[in-house]
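Notes follow once the structure below has been shown.
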């Protein structure tokens, strides 16, 4: 597992870590206690990825469109 705190991970890094967690859990070779810890980490990674996606969707939604449907600009968006 990565030493990087989940809250500091990029979406791509968190997805890669989540894929590793899933692979370890699916292998069936992890002891019960470690499986529980992996599952909890996976849940946190999933939550982080969902938050990153929601943030990206909000930013995309701020793009303004003209009457022809083409992008004409963007509304200011607060960035975390």
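Numbering (my numbering), first residue to last: -15 to 64. A virtual CB, placed ideally from N, CA and C, is assigned to each residue, including glycine.
message = For residue 18, tell me which candidate among 5, 30, 28 and 29 has the shortest Cα-Cα distance.
response = The count along the chain shown starts at 1 and reaches residue 18 at position 34. Nearest to residue 18 by C-alpha distance, out of 5, 30, 28 and 29, is 5.
inquiry  = My output table needs one value for residue -9: the three-state DSSP class, helix, strand or coil.
reply    = Numbered from 1 along the chain shown, position 7 holds the residue referred to as residue -9. Note: residue -9 maps to helix in three-state DSSP.
Pairwise C-alpha distance: residue 57 and residue 12 = Position 28 of the chain shown, counted from the start, is the residue given in the question as residue 12. Position 73 of the chain shown, counted from the start, is the residue given in the question as residue 57. Taken atom to atom, the span from the alpha-carbon of residue 12 to that of residue 57 is near 51 Å.
inquiry  = Between which residues of its own chain and residue 3 is the CB-CB distance below 8 Å, once the five residues before and five after are set aside?
reply    = As a position in the chain shown, residue 3 is number 19, starting the count at 1. Here the set comprises nothing.
key: Buried/exposed call for residue 37, threshold 16 Cβ in 10 Å   = Position 53 of the chain shown holds residue 37. Classification of residue 37: exposed, given that the 10 Å Cβ count is below 16.
ask   = Rounded C-beta distance between residue -10 and residue 22? I'm assuming under 8 Å.
value = The residue you call residue -10 lines up with position 6 of the chain shown. The residue you call residue 22 lines up with position 38 of the chain shown. At roughly 13 Å, the Cβ-Cβ gap does not stay under 8 Å, so residue -10 and residue 22 are not in contact.
ask   = Which one of 35, 1, 41 and 40 has the shortest CA to CA distance from residue 26?
value = Mapped onto the chain shown, residue 26 falls at position 42. The option with the nearest alpha carbon to residue 26 is 1.
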